[in-house]
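Single-structure report; data block below.
Residue numbers (my numbering): 3 to 537.
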């Protein structure tokens with residue numbers, strides 16, 4: 003009866019021959035496919051190409067290796083030959099958990115390739131198991147029950163030591179003893195722990211008579227990963243040395259008290275700050291201000307004024323968010339629209355007001371006269387004044403255009419201020435509901451209508467007064483073409499670009515205010531370019 007693990011293979015017809023009592027394990031191992039890949043150009047694969055060229059039916063007398071013979075002997079294996087652009091390989095596919103084994107064959111001759119194929123065909127496909135041999139140690143009866151590692155090591159040393167003492171000729175006896183004594187004196191230095199050892203007595207026939215228990219031993223090479231019965235490697239070329247115990251190695255630690263490696267001396271502060279990201283710098287600065295609030299004003303004074311581009315980009319972002327939140331006026335009620343735009347409208351108003359405030363302070367600082375070291379006063383250069391005037395005009399024109407666009411997208415703005423009192427009790431319920439909705443709309447639109455638009459108009463008036471002062475008081479020369487560009491800009495802002503038919507509606511407050519700004523500019527310095535205000 004064959005073994006139990008052979009029966010499934012018999013059913014799959016994978017046996018070379020039927021098992022017999024003398025050899026019940028004679029069966030084909032479960033290989034199902036053999037792939038041979040070769041390169042037609044590489045010179046290192048000439049042996050593989052020669053082996054494949056001999057794959058035709060050889061004559062009966064030929065002894066050359068041939069793939070044809072393998073195909074004939076193993077009909078149950080699928081042989082595949084495939085050209086490739088890489089290295090030549092033999093790849094075997096097995097039925098055991100779809101395992102694959104690969105053998106490179108570059109540089110091999112046909113006979114070696116034949117042996118590799120035979121190896122793959124006879125392989126089981128199972129993963130190889132590695133076994134480690136351990137030396138058997140004979141122990142005495144007194145230590146057999148509880149042997150220790152030190153006792154095992156001593157027994158190994160004694161067995162190794164006794165094998166080294168071989169008979170030596172009489173003539174070379176004295177020379178050998180002197181050499182051993184010389185080597186002993188060389189190794190017995192003050193930094194070693196040396197035990198008192200005696201040499202063996204040598205008889206007249208050259209054989210050692212007695213061997214001391216504590217004598218010379220071989221050099222030991224220990225492996226920390228081995229078991230208690232460590233293996234001993236004997237090197238004949240190494241010199242014998244006396245028994246000594248290896249001193250314990252003390253763990254070394256870095257002296258962190260050294261001033262050169264203290265944390266504050268490891269890296270420069272400027273280099274560390276440059277390597278940080280924007281969010282990390284903001285977090286460090288906020289934490290510093292929280293720990294020391296008195297530094298808040300110092301940090302604020304050190305901050306550089308924001309550029310015109312950064313201010314416009316910030317306003318542009320909040321403007322986009324506000325426009326996205328405004329629904330269609332024709333398909334939604336006003337109460338719904340005002341409720342939708344409440345939060346983004348407040349954010350937009352706050353950013354616009356802060357931009358106007360920052361711009362005014364920046365203009366004042368750039369155009370103000372500064373005291374000198376000798377007690378005098380230094381006036382700003384003309385280029386600085388021109389740059390400040392240009393930045394202020396660009397910001398005011400951008401904000402006017404943006405506010406006018408938002409105004410046209412919002413529902414009709416109320417001309418009444420938000421009321422804190424409720425409607426009279428004599429009013430009918432329907433009118434009470436209307437007044438309540440009207441008050442809610444006024445509360446939402448109040449910051450935009452009653453704070454932002456008047457602040458914009460006041461900044462335009464301040465700008466026109468500063469231009470009038472520069473021309474007629476400071477006697478600054480401004481070209482006629484530049485002044486005409488300013489008036490062209492004011493004309494464009496005072497004309498409504500969206501719906502010119504409704505000039506009298508409440509949603510064109512910015513347009514009416516810009517008309518007043520243009521008239522104010524004409525009355526102040528329009529005569530320089532030949533423009534007059536028409537009443």
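Every residue gets a Cβ at the ideal spot worked out from N, C-alpha and C, and that includes glycine.
- Task: Indicate whether the contact test is met: 3 or more Cβ pairs, each with one atom in the segment 368–382 and one in the segment 403–414, closer than 8 Å.
- Result: no
- Message: Does residue 93 come out as helix, strand or coil in the three-state DSSP assignment?
- Response: In this structure, residue 93 counts as strand in the three-state DSSP scheme.
- Just curious, the alpha helix (DSSP H) that residue 38 is in, first and last residue? From DSSP, residue 38 is part of no alpha helix (DSSP H) but of the beta strand (DSSP E) over 33–40.
- State the CB to CB distance for the pair residue 522 and residue 466, rounded to an integer number of angstroms; the pair is presumed to be in contact (CB under 8 Å). 5 Å
- Item | Check whether residue 455 and residue 515 have beta carbons under 8 Å apart | It is a contact, given that the beta carbons lie within the stated cut-off.
- Per-residue DSSP class, three states only, for residue 449: helix
- In terms of residue numbering, what span does the alpha helix (DSSP H) encompassing residue 365 cover? 344–369
- Message: For the structure I just gave you, are there three or more beta carbon pairs, one from the segment 353–373 and one from the segment 390–399, closer than 8 Å?
- Response: yes
- Is the Cβ-Cβ distance between residue 112 and residue 52 less than 8 Å? yes
- Item | Span of the beta strand (DSSP E) around residue 84 | Residues 80–85.
- Bounding residues of the alpha helix (DSSP H) (the contiguous stretch that carries residue 112): 112–124
- Query: Roughly how many whole angstroms lie between the Cα atoms of residue 77 and residue 117?
  - Reply: Across the structure, residue 77 and residue 117 are spaced so that their CA atoms are roughly 18 Å apart.
- Item | For residue 542, the nearest candidate out of 473, 477, 478, 459 (CA to CA) | No answer is possible for residue 542: the residues shown for the chain start at 3 and end at 537.
- Query: How about the segment 30–48 and the segment 77–95: do they share at least three Cβ pairs that are nearer than 8 Å?
  - Reply: yes
- Query: Do residue 49 and residue 115 have their CB atoms nearer than 8 Å?
  - Reply: yes
- Beta-bridge pairing of residue 104 - partner residues as DSSP gives them: 93
- Query: Which one of 104, 102, 533 has the shortest CA to CA distance from residue 487?
  - Reply: 533
- Nonlocal neighbours in the same chain, by C-beta distance under 7 Å from residue 353, ignoring five residues either side: 316, 317, 320
- Report the option in 306, 350, 286, 412 whose CA atom is closest to the CA atom of residue 336. 412
- Message: In whole angstroms, give me the CA-to-CA distance for residue 32 and residue 97.
- Response: 6 Å
- residue 519 classed as buried or exposed, judged by whether at least 16 other C-beta atoms fall within 10 angstroms: buried
- Task: Keeping to the same chain, check which residues put their C-beta closer than 8 Å to that of residue 85; ignore five residues upstream and five downstream.
- Result: 39, 40, 41, 42
- Item | Own chain partners of residue 386 with C-beta closer than 8 Å, once the 5 adjacent residues on each side are dropped | Here the set comprises 368, 369.
- Task: Would you kindly work out how many angstroms separate the C-alpha atoms of residue 312 and residue 341, rounded to a whole number?
- Result: 30 Å
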